[in-house]
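Mapping to the UniProt record's numbering: the sequence shown position 88 is 88, numbers consecutive. Backbone N, C-alpha and C fix where the C-beta goes; we use that ideal spot for every residue, glycine too.
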Amino acid sequence: MAGHTVLRFVPYRIAPDPLSEPEYEAVCVSGDDADCGAASGTSATPEPVAAWQFTHSGETGHTRFRRTFHEYTVTTPADGSECSIVPRGEQGPS
Ligand SMILES: [Zn+2]
């Protein structure tokens with residue numbers, strides 16, 4: 001079908017998802033042949049993870065950790081409007 005498409009560019013922003021907490025975690029990667037693998041478990045704040053690292057280092061002498069941080073976000077129109085984001089695959093001809 002012939003026609004034309006009007007593209008509207010709406011600025012968006014990425015904001016933390018208020019319904020989900022961030023996740024901090026540390027895994028011990030000390031070890032000669034294989035990583036220790038001990039894990040702190042996830043926490044919504046970094047302090048308990050750091051405390052676990054200090055405790056683990058004190059108990060084992062292990063000093064290398066891989067730390068991760070996960071954050072849930074939502075993409076919303078920058079102007080705060082309630083305009084919804086229409087996926088490209090669902091846009092019909094206009
Ligand atoms: Zn360890």
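Put simply, of S30, E71, A51, D17 the residue whose alpha carbon is nearest the alpha carbon of F65 is S30. Across the structure, T5 and G80 are spaced so that their CA atoms are roughly 25 Å apart.
In the displayed model, T68 falls within a strand according to three-state DSSP. The C-beta distance from H62 to C28 rounds to 5 Å, short enough to meet the 8 Å contact threshold. In this structure, Y72 sits near S20, with a CB-CB distance shorter than 8 Å.
By the Cβ-count criterion, A26 is buried, with 16 or more other Cβ atoms from all chains shown falling within 10 Å of its own Cβ. Burial is judged here by how many other beta carbons sit within 10 angstroms of a residue's own beta carbon; V49 has at least 16 and is buried.
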